Every structure is written in C-alpha cells, then in structure tokens.
C-alpha cells in the first residue's frame, strides 16, 4: 500500500496560539488530500478537501478562517489551527488519493492536538 | 452518495472466521466498495476494495452479490490483534464525488481469547 505520513503525531499548545500539522504522501503524488477530525469513540468527520494549487473546499460548519489548509505541492498538505481553544482538542487525520494506484485513498497516522 | 449501514458491534473468538456485512442499497453504477480498519489513536488502514463478485488479498476477502446492494468483509482466523473498528465506504474513485469519503459509525469488532 501507499504511505501517508503526518507530523507531529502529538502536539500540545497554549490557548490562543496556532499549530500546524503536516501531511505528506511519501511514495505517490496526491492532487487531492482530505482532512478529518475524530473525537474519542466517534467516527471520522470530514473537515475539508485540499486540492493542489487551489483553495480547499470546506464542509458545512467548518470555519475556513480557523482551519487553514494549504496544498502547495503534490506531496504535502498542511492544516493550521489558528487561535486554538480547548474545544479544538481532537485527533486530526489526513488522507490522500493515490492517483495511479487505483485512486485508493490512504490515511495518515493521525495527530493528537491538545489545547491547554 | 450511497449511505452504508453496518452492525454497531460484533464479538468473536481467536481462530474464528468473521464476516461483517454492509448494506448500501442506493449504490451507484460507478461506485466501488472499500473497507478500512482503525485501531485506537491511529488513522484508518486500507483493507480491501472491490466492485463486484469476489476480491481476495493477503488479509481479507470481499464478497459482493450481483445486485451490489450489500457487501461482506471476511476475515479468516481472526486474532486478538484484529480487534478494531471496521468501516465500509462506497464511492466512485474516478470522479469528484469520491472526494467526499463520508464515514459511518463502523463496526466495532472485539476478538476474545
């Protein structure tokens, strides 16, 4: 299978600060990446679709100015949580569509964000 | 987008075969069926994907009847390490609609000694 890597795997930040999470496709190019968040014992919730070289498409109810997504290259997408608050604490997961590998979507390992 | 329905939870014992069925009554002609496995605090792991009939790989088999309104993930001889949440998703990988990979509640499989 294809490999998608996220960094950092865990991050703690102070309330009011911003934190960036990176998502990289290591062995394939991904024109489309996706960002999810997941609360404990719940399913994944799609936040936004990130397209290389264009603006991200956000799902209803997700604040685009709070969750900044940048997809500057075919192997990297970043999610920046701006002015983080404790309610933003969650497990964030990215995924990437492996163009040329059956368009199968592969997921990263996830990143735990704790805002204190 | 085809909605999926799976059992909320299942229990099994080590060495048994486990079959998890997913209903997707309004699956579209171009939709594929994909199954993922998720362990706590990890991202979902791709298990298997299929369009029709039967697909088999080194970890699982996927059975899809002719009407494609359901599918069954078969895990042979499960072990304790197969305890996880299993998600069934449908979508067309070759169209923009596949972008919206919406997860349902999944099936929590617990394997007991």
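Protein chains in written order, with this note's numbering: chain B, 1 to 116; chain D, 117 to 229. Beta carbons: idealized from backbone N, C-alpha and C, even for Gly. All figures in this text were calculated on a predicted structure; none of them were measured in a lab.
Cα-Cα, which of the options is closest to residue i?
| i | options | result |
| --- | --- | --- |
| residue 162 of chain D | D:134, D:149, D:211 | D:149 |
| residue 85 of chain B | B:14, B:7, B:103 | B:14 |
| residue 54 of chain B | B:80, B:79, B:32 | B:32 |
| residue 115 of chain B | B:26, B:64, B:87 | B:87 |
| residue 153 of chain D | D:168, D:191, D:129, D:183 | D:191 |
| residue 209 of chain D | D:172, D:135, D:146 | D:146 |
| residue 229 of chain D | D:131, D:126, D:119 | D:131 |
| residue 197 of chain D | D:221, D:134, D:137, D:155 | D:155 |
| residue 16 of chain B | B:95, B:108, B:81 | B:81 |
| residue 127 of chain D | D:194, D:170, D:220, D:164 | D:194 |
| residue 123 of chain D | D:137, D:171, D:177 | D:137 |
| residue 52 of chain B | B:93, B:101, B:62, B:24 | B:24 |
| residue 177 of chain D | D:221, D:125, D:134 | D:134 |
With 16 as the cutoff for other CB atoms within 10 Å, does residue i come out buried or exposed?
| i | result |
| --- | --- |
| residue 121 of chain D | exposed |
| residue 166 of chain D | buried |
| residue 242 of chain D | Coverage of chain D is limited to positions 117 through 229, which leaves residue 242 of chain D absent and any answer about it impossible. |
| residue 160 of chain D | buried |
| residue 106 of chain B | buried |
| residue 223 of chain D | buried |
| residue 72 of chain B | exposed |
| residue 6 of chain B | buried |
| residue 26 of chain B | exposed |
| residue 164 of chain D | buried |
On the premise that residue j lies in contact with residue i, defined as a C-beta separation below 8 angstroms, what is that separation, rounded to the nearest angstrom?
| i | j | result |
| --- | --- | --- |
| residue 226 of chain D | residue 188 of chain D | Actually they are not in contact, since the Cβ atoms of residue 226 of chain D and residue 188 of chain D sit about 19 angstroms apart, beyond 8 angstroms. |
| residue 35 of chain B | residue 50 of chain B | 7 angstroms |
| residue 99 of chain B | residue 56 of chain B | Actually they do not touch by this definition, with Cβ atoms about 18 angstroms apart. |
| residue 59 of chain B | residue 74 of chain B | The pair is not a contact, with the Cβ atoms about 23 angstroms apart (cut-off 8 angstroms). |
Give the DSSP bridge partners of residue i, in chain order.
| i | result |
| --- | --- |
| residue 70 of chain B | B:78 |
| residue 52 of chain B | Residue 52 of chain B pairs with nothing; no bridge assigned. |
| residue 46 of chain B | B:36 |
| residue 96 of chain B | B:33, B:106 |
Ordered along the chain, which non-local residues of its own chain (more than five positions away) have a Cβ less than 6 angstroms from that of residue i?
| i | result |
| --- | --- |
| residue 112 of chain B | 10, 91 |
| residue 78 of chain B | 20, 22, 70 |
| residue 185 of chain D | 141 |
| residue 170 of chain D | 179 |
| residue 129 of chain D | 228 |
Leaving out five residues before and five after residue i in sequence, what residues of the same chain have Cβ atoms less than 8 angstroms from its Cβ?
| i | result |
| --- | --- |
| residue 83 of chain B | 16, 17, 18, 66 |
| residue 168 of chain D | 180, 182, 184 |
Can you find the residues in the same chain that come closer than 7 angstroms, C-beta to C-beta, to residue i, ignoring five residues on each side of it along the sequence?
| i | result |
| --- | --- |
| residue 64 of chain B | 58 |
Item to check | Interface residues of the region 123-155 of chain D facing chain C [CB-CB below 9 angstroms] | outcome: Note that chain C does not occur in the displayed structure, where the protein chains are B and D.
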